[in-house]
Amino acid sequence: MQRLQDRIAVITGAGSGIGLASLHRLAAEGATVVAVDVDEAAGKRAADEAGGLFVHADVTEEDAVREMYQQVVDAYGAVHIAFNNAGIEGAWIPIVDQSEEAWDSTININLKGVWLCLKYEIQRMLKQGAGGAIVNMSSVAGFIGSAGAATYCATKHGVIGLTKGAALETATKGIRVNAICPAVIETPMGERLFGAEEIKKFSLGLHPIGRFGRPMEVAEAVLWMCSERASFMTGQSLVLDGGFLAGPNVPG
(Lines of atoms letter the chains of each structure in order from A; the text may use other names.)
(Lines give C-alpha, C1' and ligand atoms only; values in the text may rest on other atoms or scores of the structure.)
Protein backbone atom coordinates (compact mmCIF):
# COMPACT_ATOMS: atom_id res chain seq x y z
CA MET A 1 0.00 0.00 0.00
CA GLN A 2 1.27 3.49 -0.82
CA ARG A 3 2.35 5.28 2.34
CA LEU A 4 0.94 8.71 1.48
CA GLN A 5 -2.33 7.81 -0.21
CA ASP A 6 -4.92 10.60 0.08
CA ARG A 7 -2.38 13.05 1.51
CA ILE A 8 -1.79 16.56 0.14
CA ALA A 9 1.92 17.47 0.19
CA VAL A 10 3.41 20.92 -0.45
CA ILE A 11 7.09 21.20 -1.39
CA THR A 12 8.80 24.58 -1.71
CA GLY A 13 11.84 24.93 -3.94
CA ALA A 14 10.46 21.98 -5.89
CA GLY A 15 11.90 22.92 -9.27
CA SER A 16 15.29 21.27 -8.83
CA GLY A 17 17.63 19.32 -6.58
CA ILE A 18 16.34 17.88 -3.33
CA GLY A 19 12.95 19.53 -3.73
CA LEU A 20 12.40 17.96 -7.14
CA ALA A 21 13.52 14.51 -5.96
CA SER A 22 11.22 14.77 -2.94
CA LEU A 23 8.30 15.86 -5.11
CA HIS A 24 8.69 12.73 -7.23
CA ARG A 25 9.23 10.44 -4.24
CA LEU A 26 6.18 11.64 -2.34
CA ALA A 27 4.06 11.45 -5.50
CA ALA A 28 5.24 7.89 -6.09
CA GLU A 29 3.93 6.98 -2.63
CA GLY A 30 0.47 8.26 -3.46
CA ALA A 31 0.56 11.88 -2.28
CA THR A 32 -1.11 14.62 -4.27
CA VAL A 33 1.80 17.02 -4.64
CA VAL A 34 2.06 20.78 -4.95
CA ALA A 35 5.28 22.17 -6.42
CA VAL A 36 6.13 25.68 -5.20
CA ASP A 37 8.93 27.70 -6.76
CA VAL A 38 9.87 31.23 -7.83
CA ASP A 39 11.22 29.76 -11.07
CA GLU A 40 7.99 29.38 -13.01
CA ALA A 41 9.39 27.25 -15.82
CA ALA A 42 11.15 24.80 -13.49
CA GLY A 43 8.21 24.66 -11.10
CA LYS A 44 5.66 23.98 -13.81
CA ARG A 45 7.87 21.31 -15.34
CA ALA A 46 8.27 19.62 -11.96
CA ALA A 47 4.55 19.70 -11.26
CA ASP A 48 3.74 18.29 -14.68
CA GLU A 49 6.26 15.48 -14.26
CA ALA A 50 4.83 14.53 -10.85
CA GLY A 51 1.21 14.98 -11.86
CA GLY A 52 0.63 17.77 -9.37
CA LEU A 53 -0.21 21.45 -9.04
CA PHE A 54 2.27 24.29 -9.53
CA VAL A 55 2.03 27.42 -7.40
CA HIS A 56 4.33 30.37 -7.99
CA ALA A 57 5.30 31.95 -4.68
CA ASP A 58 8.11 33.92 -3.06
CA VAL A 59 8.42 32.45 0.44
CA THR A 60 9.92 35.70 1.78
CA GLU A 61 6.60 37.55 1.31
CA GLU A 62 3.84 36.85 3.81
CA ASP A 63 1.00 37.69 1.43
CA ALA A 64 2.47 35.29 -1.14
CA VAL A 65 2.75 32.44 1.39
CA ARG A 66 -0.79 33.05 2.66
CA GLU A 67 -2.10 33.02 -0.90
CA MET A 68 -0.06 29.93 -1.73
CA TYR A 69 -1.80 27.92 0.96
CA GLN A 70 -5.16 29.34 0.00
CA GLN A 71 -4.60 28.09 -3.54
CA VAL A 72 -3.74 24.64 -2.22
CA VAL A 73 -6.84 24.53 -0.04
CA ASP A 74 -9.04 25.82 -2.86
CA ALA A 75 -7.71 23.07 -5.12
CA TYR A 76 -7.58 20.13 -2.71
CA GLY A 77 -9.31 21.13 0.51
CA ALA A 78 -6.45 20.37 2.89
CA VAL A 79 -2.72 20.33 3.64
CA HIS A 80 -1.34 17.21 5.32
CA ILE A 81 2.39 17.34 4.55
CA ALA A 82 4.85 20.17 3.97
CA PHE A 83 8.53 20.15 3.05
CA ASN A 84 9.94 23.64 3.54
CA ASN A 85 12.89 23.18 1.25
CA ALA A 86 13.36 26.52 -0.55
CA GLY A 87 16.77 28.06 0.11
CA ILE A 88 19.90 29.66 -1.31
CA GLU A 89 23.58 29.50 -0.48
CA GLY A 90 24.00 33.28 -0.41
CA ALA A 91 27.40 34.92 -0.61
CA TRP A 92 30.13 32.73 0.92
CA ILE A 93 32.56 35.45 1.94
CA PRO A 94 33.99 36.69 5.26
CA ILE A 95 31.66 38.57 7.60
CA VAL A 96 33.65 41.79 7.17
CA ASP A 97 33.02 41.69 3.42
CA GLN A 98 29.37 40.67 3.59
CA SER A 99 26.87 43.28 2.43
CA GLU A 100 23.66 44.00 4.27
CA GLU A 101 21.77 43.18 1.09
CA ALA A 102 23.37 39.73 0.86
CA TRP A 103 22.71 39.09 4.56
CA ASP A 104 19.06 40.08 4.24
CA SER A 105 18.53 37.96 1.14
CA THR A 106 19.96 34.81 2.71
CA ILE A 107 18.17 35.28 6.03
CA ASN A 108 14.87 36.09 4.31
CA ILE A 109 14.82 33.03 2.07
CA ASN A 110 16.44 30.42 4.32
CA LEU A 111 15.00 31.41 7.69
CA LYS A 112 12.12 33.87 7.33
CA GLY A 113 10.76 31.76 4.49
CA VAL A 114 10.67 28.66 6.69
CA TRP A 115 9.00 30.64 9.49
CA LEU A 116 6.31 32.01 7.18
CA CYS A 117 5.59 28.59 5.73
CA LEU A 118 5.40 27.08 9.21
CA LYS A 119 2.98 29.80 10.28
CA TYR A 120 0.46 29.09 7.55
CA GLU A 121 0.97 25.32 7.43
CA ILE A 122 0.34 25.02 11.14
CA GLN A 123 -2.68 27.32 10.98
CA ARG A 124 -4.20 25.16 8.27
CA MET A 125 -3.38 21.86 10.01
CA LEU A 126 -4.83 23.11 13.30
CA LYS A 127 -8.01 24.19 11.53
CA GLN A 128 -8.32 20.77 9.90
CA GLY A 129 -7.84 19.08 13.26
CA ALA A 130 -6.30 15.97 11.73
CA GLY A 131 -2.61 16.58 12.44
CA GLY A 132 0.14 16.62 9.84
CA ALA A 133 3.85 16.29 9.17
CA ILE A 134 6.29 19.10 8.40
CA VAL A 135 9.95 18.83 7.40
CA ASN A 136 12.24 21.87 7.34
CA MET A 137 15.43 22.06 5.32
CA SER A 138 18.46 22.67 7.51
CA SER A 139 21.99 21.35 6.91
CA VAL A 140 25.08 20.03 8.63
CA ALA A 141 25.83 23.77 8.68
CA GLY A 142 23.16 23.94 11.37
CA PHE A 143 25.57 22.17 13.74
CA ILE A 144 28.94 23.72 12.85
CA GLY A 145 30.49 26.99 11.83
CA SER A 146 32.30 27.56 8.56
CA ALA A 147 34.69 30.39 7.77
CA GLY A 148 33.22 32.39 4.93
CA ALA A 149 29.76 30.92 5.33
CA ALA A 150 28.68 32.45 8.63
CA THR A 151 25.42 33.84 7.26
CA TYR A 152 24.42 30.53 5.72
CA CYS A 153 25.31 28.72 8.96
CA ALA A 154 23.26 31.21 10.95
CA THR A 155 20.19 30.46 8.85
CA LYS A 156 20.58 26.72 9.22
CA HIS A 157 21.14 26.95 12.98
CA GLY A 158 18.01 29.09 13.07
CA VAL A 159 15.95 26.52 11.18
CA ILE A 160 16.83 23.91 13.81
CA GLY A 161 15.68 26.27 16.56
CA LEU A 162 12.45 27.03 14.71
CA THR A 163 11.86 23.32 14.24
CA LYS A 164 12.20 22.58 17.95
CA GLY A 165 9.93 25.44 18.96
CA ALA A 166 7.27 24.58 16.40
CA ALA A 167 7.38 20.92 17.40
CA LEU A 168 6.80 21.77 21.06
CA GLU A 169 3.92 24.11 20.20
CA THR A 170 2.13 21.45 18.15
CA ALA A 171 3.08 18.14 19.78
CA THR A 172 -0.32 17.66 21.45
CA LYS A 173 -2.14 18.57 18.22
CA GLY A 174 -0.92 15.63 16.16
CA ILE A 175 1.44 17.79 14.09
CA ARG A 176 5.02 16.60 13.82
CA VAL A 177 7.79 19.05 12.88
CA ASN A 178 11.30 17.88 12.07
CA ALA A 179 14.35 19.05 10.14
CA ILE A 180 16.55 17.35 7.56
CA CYS A 181 20.27 18.14 7.66
CA PRO A 182 22.28 17.00 4.64
CA ALA A 183 25.96 17.48 3.95
CA VAL A 184 27.00 18.15 0.33
CA ILE A 185 24.44 16.78 -2.13
CA GLU A 186 24.78 16.56 -5.91
CA THR A 187 22.45 19.44 -6.76
CA PRO A 188 22.81 22.68 -8.73
CA MET A 189 23.66 24.44 -5.46
CA GLY A 190 26.24 21.80 -4.63
CA GLU A 191 27.80 22.21 -8.05
CA ARG A 192 28.00 25.98 -7.65
CA LEU A 193 29.68 25.72 -4.27
CA PHE A 194 31.82 22.62 -4.59
CA GLY A 195 32.15 21.92 -8.32
CA ALA A 196 35.59 23.43 -8.88
CA GLU A 197 38.26 20.71 -8.96
CA GLU A 198 40.32 21.72 -5.91
CA ILE A 199 37.27 22.58 -3.80
CA LYS A 200 35.60 19.32 -4.77
CA LYS A 201 38.67 17.31 -3.81
CA PHE A 202 38.87 19.01 -0.42
CA SER A 203 35.13 18.68 0.22
CA LEU A 204 35.06 15.00 -0.68
CA GLY A 205 37.72 14.49 1.96
CA LEU A 206 35.28 15.76 4.58
CA HIS A 207 32.85 12.95 3.74
CA PRO A 208 34.31 9.67 5.08
CA ILE A 209 31.92 7.70 2.88
CA GLY A 210 33.98 8.97 -0.09
CA ARG A 211 31.29 10.70 -2.14
CA PHE A 212 28.63 13.38 -2.03
CA GLY A 213 25.01 12.53 -1.36
CA ARG A 214 22.34 12.15 -4.01
CA PRO A 215 19.03 14.06 -4.01
CA MET A 216 16.97 10.87 -3.93
CA GLU A 217 18.78 9.73 -0.77
CA VAL A 218 17.53 12.85 0.98
CA ALA A 219 14.09 12.42 -0.58
CA GLU A 220 13.84 8.92 0.90
CA ALA A 221 14.47 10.36 4.36
CA VAL A 222 11.91 13.11 3.80
CA LEU A 223 9.37 10.48 2.75
CA TRP A 224 9.98 8.48 5.91
CA MET A 225 9.71 11.58 8.12
CA CYS A 226 6.40 12.50 6.47
CA SER A 227 4.94 9.02 6.82
CA GLU A 228 3.30 7.29 9.76
CA ARG A 229 6.43 5.17 10.10
CA ALA A 230 7.98 8.21 11.82
CA SER A 231 4.92 8.81 14.02
CA PHE A 232 6.95 9.10 17.26
CA MET A 233 9.46 11.59 15.83
CA THR A 234 9.10 15.33 16.35
CA GLY A 235 11.43 18.20 17.13
CA GLN A 236 14.39 16.29 15.72
CA SER A 237 17.08 17.06 13.14
CA LEU A 238 17.96 14.08 10.98
CA VAL A 239 21.52 14.21 9.65
CA LEU A 240 22.43 12.66 6.28
CA ASP A 241 26.10 13.44 5.85
CA GLY A 242 28.19 10.45 4.81
CA GLY A 243 30.04 10.69 8.13
CA PHE A 244 30.80 14.43 7.86
CA LEU A 245 29.91 15.29 11.47
CA ALA A 246 31.54 12.18 12.90
CA GLY A 247 34.93 13.88 12.59
CA PRO A 248 37.85 14.26 10.20
CA ASN A 249 38.62 11.23 8.06
CA VAL A 250 42.21 10.82 9.26
CA PRO A 251 43.92 7.50 8.44
CA GLY A 252 44.72 5.49 11.57
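What the sequence shown shows, in the working numbering, is residues 1 to 252, in sequence order.
Every residue, glycine too, gets a C-beta built ideally from N, C-alpha and C.
Minimum Cα-Cα distance from V184 among the listed residues L206, S99, E101 corresponds to L206. At a cut-off of 3 residues, the continuous stretches assigned as beta strand (DSSP E) that sit fully inside the segment 40-102 are 53-56, 81-84. Residue pairing from DSSP places M137 in a beta bridge opposite I180. Within the model, the alpha-carbon separation for Q5 versus E228 is close to 11 Å.
S203 and M125 have their C-alpha atoms spaced approximately 40 Å apart. Between V218 and I18, the alpha-carbon positions lie close to 7 Å from each other. For T155, the uninterrupted alpha helix (DSSP H) segment begins and ends at 150-170. A64 sits away from V10, with the two beta carbons spaced by 9 Å or more.
K173 and G131 have their C-alpha atoms roughly 6 Å apart. The criterion of a C-beta distance shorter than 9 Å is satisfied by Q71 and V55. The shortest C-alpha to C-alpha distance from L118 to any of R45, M225, G195, Y69 is the one to Y69. Here DSSP, grouped into helix, strand and coil, assigns V38 to coil.
The beta carbons of T155 and V177 sit no closer together than 9 Å.
Of all alpha-carbon atoms in G243, Q236, S16, E29, the one lying nearest the alpha-carbon of V135 is that of Q236. Taking the CA atoms as reference points, V36 sits about 33 Å from G210. Pairing G129 with G13 gives a Cβ-Cβ distance that is not under 9 Å. Residues A167, A171, R176, V177, N178 of the same chain have their beta carbon placed closer than 7 Å to that of T234, with the five preceding and five following residues left out of the count. Counting of Cβ neighbours within 10 angstroms places I144 among the exposed residues, the total staying below 16.
Within the DSSP bridge table, the entry for S237 names A179 as partners.
Of K112, E121, P208, G190, the smallest CA-CA separation from G161 is found for K112. Non-local beta-carbon contacts of N108 in its own chain, meaning distances under 8 Å to residues more than five positions away in sequence, involve T60 in chain order.
M225 and S231 have their C-alpha atoms some 8 Å from each other.
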